[in-house]
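Written out as structure tokens, the structure reads:
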């Protein structure tokens, strides 16, 4: 099967004067493989996939890189849905099952389309783009399949669904007022389910205005809005963003307590996905071109095959594998000191942060772990010189480049930023250069902010939650890049993040932030610790243990109260590095 993809947003037919039409060998012989449809209102070219020989000349010569010619195995069958002529195609659908079904894959290959089809927001067209959407044809297509009865009920509106969107910052624009008014909170008449949900998610900001909420608070509000509804199916799109490890564990308990419901979980935190999912579907493909959904897999096998880049049942290799180093193999030496920072304090009203001094070496990456509101971002801002400590001393007197947690959205084009051409290529943001910054998606905005930060000439780079909205592959590629960037350029990097797998993959040492139990308004930052010691200290504070997957070396969270969990806690080994 050959598919031709034309990105209509990138196509600049006026600039190239239809170069694809003029270069096509079949067109030169009098054929009509690449044409402009005279009956269409769209002046952009169309490619006849049945006539296309797959020579690739149009794709290779297109100055806007708007064309992709892709050969796929015939065995994958008919696309379930296609977005217009030469548009994105989705192959296969996951089969809904009672329990938690995890979906893992890159951004831009059909995860959101899948959720919209399963919830009835999109009627799949089976690649018949010129015919009206018809549920009867779809149901007939799935005759004898487990999806037949499910989609029949969806078509009749007999399945109630509740959806949590990916990009929670948009809530500020859509909803105004205090949280208690938004959720119609009434202490007298609130039912037990909603009251318990508020408590389990630790929503203690009912009197705050929505527009003043932090990212983590917005996320918890969005999760509450989804799970408080009486529904047959819950669709959760990246519910972990901005939540700290303890909050993610609370979320896992809430979702795990839901009985006899369909739950679809799209999540890029593989530790959470692994911990929660009963089954896994892997989506693979090419961004903006096509997505293929795998057969159902057990959670362990699905995640391991995704990391390996090879699906055994489908006999499909979709990329090279990813391996994780154990700590013993990561014992790198850093002989050259880059900077020291002294112990200091910072006071905000009743909150007082105490930081133990430390030193960072050339080529070293320091991971920063801790609960939300424990002072991590304040620490980074003081190192960056954005804020001052109580004694008005800046922590590090070197050139600093800082990527904040919440990225300012301005009305300007990406190309107006002073970005490194090498990094534009590395982070695959070339397609975004003509876009306005305020039109970027969460993942696109994150990548642009990272490139902007890393393009600056600095000695130390401070990255606050760089993994938010990035997919699994983007996170691991970012980790690989940062390690080579720090080593080759002899830079120091501090990284705050809540994704344990990402921090484990990237860090040479750790700083752990804690809230002091004797005084809940005080935060404390440790000195710089070896990864094993830092992980043990942090995981003990949140009461969760990790082991390593034998095949891939990835960290896996143990089920609370399991034999392995109890055994590791008895030994004081919350983080099994070997």
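In the numbering used here, the protein residues as written are 2 to 579. Ideal placement from N, C-alpha and C gives every residue a C-beta, glycine not left out.
Considering Cα atoms alone, identify which of the options is closest to residue i.
i, options, result
"residue 98", "148, 209 and 230", "148"
"residue 537", "564, 554 and 573", "573"
"residue 247", "498, 528 and 531", "498"
"residue 64", "408, 24, 81 and 319", "24"
"residue 47", "61, 16 and 9", "9"
"residue 532", "408, 323, 29 and 333", "333"
"residue 1", "277, 103 and 196", "This structure gives no information on residue 1, because the portion of the chain shown stretches from 2 to 579."
"residue 335", "228, 488 and 416", "488"
"residue 1", "337, 523 and 528", "Residue 1 lies beyond the residue range present for the chain, which begins at 2 and ends at 579; the question has no answer from this structure."
"residue 41", "68, 30, 201 and 86", "86"
"residue 302", "317, 319, 286 and 282", "282"
"residue 232", "544, 190, 155 and 210", "155"
"residue 357", "105, 95, 60 and 525", "525"
"residue 345", "390, 307 and 384", "390"
"residue 379", "406, 400, 402 and 359", "406"
"residue 56", "100, 37, 19 and 4", "4"
"residue 462", "385, 311, 26 and 33", "385"
"residue 254", "388, 101 and 230", "101"
"residue 259", "227, 288 and 286", "227"
"residue 104", "189, 297 and 383", "297"
"residue 483", "464, 472 and 172", "464"
Express the C-alpha separation of residue j and residue i in angstroms, rounding to a whole number.
i, j, result
"residue 12", "residue 187", "54 Å"
"residue 208", "residue 222", "13 Å"
"residue 428", "residue 530", "30 Å"
"residue 28", "residue 15", "19 Å"
"residue 330", "residue 479", "Confidence at residue 330 is low in this model, with a pLDDT of 49, below 50, so the placement of that residue should be treated as unreliable; the coordinate-derived value is given next. Whole-angstrom Cα-Cα distance: 20 Å."
"residue 474", "residue 212", "32 Å"
"residue 74", "residue 313", "16 Å"
"residue 577", "residue 549", "6 Å"
"residue 323", "residue 485", "16 Å"
"residue 511", "residue 126", "51 Å"
"residue 21", "residue 39", "17 Å"
"residue 398", "residue 195", "50 Å"
"residue 256", "residue 280", "14 Å"
"residue 381", "residue 466", "11 Å"
"residue 443", "residue 215", "15 Å"
"residue 167", "residue 220", "9 Å"
"residue 122", "residue 163", "12 Å"
"residue 459", "residue 447", "20 Å"
"residue 343", "residue 569", "35 Å"
"residue 504", "residue 377", "15 Å"
"residue 317", "residue 311", "6 Å"
"residue 170", "residue 243", "11 Å"
"residue 415", "residue 433", "7 Å"
"residue 582", "residue 508", "Look at the range of the chain in this structure, 2 to 579, and you will see that residue 582 is not part of it."
"residue 119", "residue 355", "50 Å"
Output yes or no for whether 9 Å exceeds the beta carbon distance between residue i and residue j.
i, j, result
"residue 514", "residue 341", "no"
"residue 112", "residue 284", "yes"
"residue 293", "residue 77", "yes"
"residue 553", "residue 575", "no"
"residue 165", "residue 84", "no"
"residue 535", "residue 370", "yes"
"residue 151", "residue 96", "yes"
"residue 455", "residue 402", "yes"
"residue 438", "residue 449", "yes"
"residue 7", "residue 45", "yes"
"residue 26", "residue 325", "no"
"residue 190", "residue 251", "no"
Let me confirm a value: residue i is counted as buried when at least 16 other C-beta atoms fall within 10 Å, else exposed. Which label applies?
i, result
"residue 413", "exposed"
"residue 476", "buried"
"residue 321", "exposed"
"residue 411", "exposed"
"residue 225", "buried"
"residue 82", "buried"
"residue 239", "buried"
"residue 245", "buried"
"residue 108", "buried"
"residue 571", "exposed"
"residue 590", "Nothing can be reported for residue 590: it is not among the residues displayed for the chain, which extend from 2 to 579."
"residue 290", "buried"
"residue 79", "exposed"
"residue 305", "buried"
"residue 66", "exposed"
Does the beta-carbon of residue i, which I'm using as the reference point, lie nearer than 8 Å to any heavy atom of the ligand FMN?
i, result
"residue 311", "Here there are no bound small molecules, and the ligand FMN is not part of this structure."
Establish whether the CB of residue i and some CB of chain B are separated by less than 9 Å.
i, result
"residue 37", "Any reference to chain B falls outside this structure, which holds one protein chain only."
Take every Cβ of the region 419-427, pair it with every Cβ of the region 362-379, and state whether three or more of those distances are shorter than 8 Å. no
Can at least three beta-carbon pairs, one atom from the region 83-90 and one from the region 266-280, be found at a separation below 8 Å? no
Counting beta carbon pairs with one atom in the region 133-147 and one in the region 178-186, are three or more of them shorter than 8 Å? no
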